[in-house]
Every structure is written in structure tokens, then in C-alpha cells.
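The sequence shown runs contiguously to residue 480 in the numbering used here. No residue lacks a Cβ here, since even glycine has one placed at the ideal position from N, Cα and C. As C-alpha cells, the structure follows; a few thoughts come after it.
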Amino acid sequence: PGSFVDDLWKAFDLFVTVSGGLGLMSGDRMLTLESKAFRLLRIIRLMRMVKPVRVILETLVQSLPQVMNILLLLFLVYSMFAVVAVQVFGTTKYGVRLGPTANFESYPYAMATIWETIGGDEWFELMYDTKVQWPECTPVFAPNDIYDYEGPAYSFGDCGSAIVSNPYFFATILIGKHVMLTLFIGMILDNFSFILDQVGSPEDKDWKTGASPEQMQEVTDCFKLFDNKKATLSIYQLPALLAAMPRPIGFRDHGHSIDPCFEKRKTFEGEV
């Protein structure tokens with residue numbers, strides 16, 4: 209039972225097997241299909257068996273905090289542009305591209321429209337739509353400014369801003385796309401260059417350039433055979449541990465398996 213606790217993949221296999229069995233016994237087709245869908249996650253387990261792919265996956269997981277920081281910075285920058293757009297173009301009348309699918313009437317709509325602009329979705333037509341001026345629009349909704357207007361008076365109209373439109377969209381493309389996204393992509397490329405250096409460099413048996421992850425894992429696994437999950441060792445177990453450790457940290461030659469008698473020696477020396 210302890211192996212299912214220590215190895216999450218074994219617990220996952222047990223979950224898939226049990227859920228599939230329950231689906232077959234109960235005749236529930238949906239439960240059977242869902243259990244089969246979970247089997248696709250086994251591809252990740254197969255990917256971990258290939259060293260280059262495993263290193264890439266582990267590095268991506270370790271770089272998640274850095275990715276989250278950059279995503280937070282992107283969100284703050286895009287939010288600044290969204291707030292400005294709502295204030296300036298929030299009541300601008302619809303045009304060729306400015307409409308139900310792309311507008312600045314509220315913060316969520318503005319964020320979605322900015323994302324479309326960053327992606328290059330006809331942003332130049334949005335820019336021209338937000339520059340609409342009288343007589344194609346109404347400067348102010350008020351009885352004194354509009355003939356035969358009987359509605360309530362407002363201090364705004366549905367015109368755009370020819371002065372703000374060009375600088376706004378150019379700044380959005382320059383800062384939001386070419387600067388911020390380039391920063392994000394640069395971080396990813398930097399991590400991948402580290403991965404390629406780590407995977408491409410040959411493993412040094414003498415640790416002259418440092419220990420590789422596989423070498424550190426070998427030392428860790430060897431230590432776990434002696435500590436009995438206590439993370440501590442008796443001083444009397446140290447000779448047996450060094451005999452089982454690979455060189456240069458121990459005495460075992462590379463390519464030689466661990467002494468088959470070291471388990472008995474470990475038990476005996478631990479009881480001295």
C-alpha cells in the first residue's frame with residue numbers, strides 16, 4: 209500500500225482502473241468514457257521517460273513563478289490601456305470594426321478589444337472608427353445642441369477623439385505587443401536555452417563541472433536506502449553509505465552495481 213502513496217502515477221493507474229471497472233459494472237456510459245479520457249494523461253508519464261522531454265517539462269514547471277510574474281505585469285499594462293480606452297472611447301458610435309464584437313464600452317470589453325488589437329485583428333480600422341467626428345457623430349447629447357432632441361441632457365456624445373486615437377493605438381501595439389510580449393517570449397527562450405545546454409552537455413563522471421540531475425538522483429536514492437525515511441543516519445552507517453555511493457562522493461566505481469551484501473551490512477552497522 210505504501211507504494212501507492214509514494215508513487216502518484218501508481219495511484220493514478222489505480223484510479224483509472226477502478227473508475228473504468230465501476231463504469232462497466234454499473235453500465236454508466238458517461239463514467240466509462242470519462243475514465244477513458246483520463247488515460248490520455250498517461251502520455252505525460254511516457255514523456256517523462258525521455259530525458260530531453262523530461263527536463264523540458266520539469267524546467268517549465270519550475271519557471272511557472274517567473275511566468276506568473278510576467279503575466280501579472282502584462283495584465284497591469286493591459287488594464288492601464290483598457291481604463292484609458294473606456295474613458296476616451298467608451299461612448300464612441302459603432303463603425304466599420306468598432307461594434308458588438310470590439311468596443312470600449314466597459315472594462316471587460318476593453319480588455320478583450322485590446323487583446324484583439326495585440327493580435328493584429330484589424331486594429332487600423334478600430335483606430336479610424338475611434339476618430340469619428342462631427343457631422344458623422346453627435347458631439348453632445350443635449351437639447352441645445354441637437355435639433356428636435358427630447359431626451360435627457362448629457363455632457364458627452366458619441367464622437368471619438370482624433371487627437372488621442374493615433375497615439376493610443378500606436379502605444380498599444382508598441383508597448384503591449386512588441387515590448388511586453390517580447391519580454392515574455394524572451395523569458396521562455398532563455399529557459400529553453402538553459403534546457404538545451406543541460407541536455408546537450410555530456411555527463412561528467414568525476415563531477416568536474418558539477419553533478420547532473422541524474423547523478424544527484426542516484427545519490428538521493430542511495431541515501432534513502434539507509435535513512436529509513438528519517439532523513440538522519442547513524443554514524444555507524446556512514447562506511448556502508450560511502451561504499452554504496454558512486455564516485456567521487458563515495459567509493460563505488462561507475463558502472464558497478466551496489467554491493468549485494470550492503471543491506472545486511474547496513475542493518476548490522478546500524479545496530480552496533
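Under the DSSP assignment, G229 falls in the alpha helix (DSSP H) whose first and last residues are L216 to S234. With a beta-carbon spacing of about 6 Å, I322 and A290 fall inside the 8 Å limit used to define contacts. Residue burial is scored here from C-beta neighbours: G359 has fewer than 16 other C-beta atoms within 10 angstroms and is therefore classed as exposed. The alpha-carbon of Q295 is positioned some 23 Å away from that of M388.
When DSSP states are grouped into helix, strand and coil, G307 belongs to the strand group. The residues T240, in chain order, have a CB closer than 8 Å to that of L232 in the same chain once the five nearest residues on each side in sequence are set aside. Judged by DSSP secondary structure, I371 falls within the alpha helix (DSSP H) whose first and last residues are A370 to A379. Contact annotation: F297 and F312 have beta-carbon atoms nearer than 8 Å.
A contact between stretches requires three or more CB pairs, one per stretch, nearer than 8 Å, and the segment 271-282 fails this requirement with the segment 252-262. Residue range P421 to D435 is occupied by the alpha helix (DSSP H) that includes Q423. At a cut-off of 4 residues, the continuous stretches assigned as alpha helix (DSSP H) that sit fully inside the segment 283-356 are 315-326 and 331-337. Counting along the chain, E242 sits inside the alpha helix (DSSP H) bounded by residues R237 to F246. Its Cα nearest to that of Y315, the residue L284 stands out among E344, L284 and Q341. Linking G327 to Y362 through their CA atoms gives a straight-line distance of about 35 Å. The three-state secondary structure of R455, taken from DSSP, is coil.
The straight-line gap separating the alpha-carbon atoms of A320 and E344 is approximately 26 Å. With a cutoff of 8 Å on beta-carbon distance, T338 and L306 are scored as near each other. Between A452 and R460 a beta carbon distance of about 6 Å is seen, short of the 8 Å cut, so the two are scored as contacting. According to the DSSP secondary-structure assignment, R460 is paired through a beta bridge with P454.
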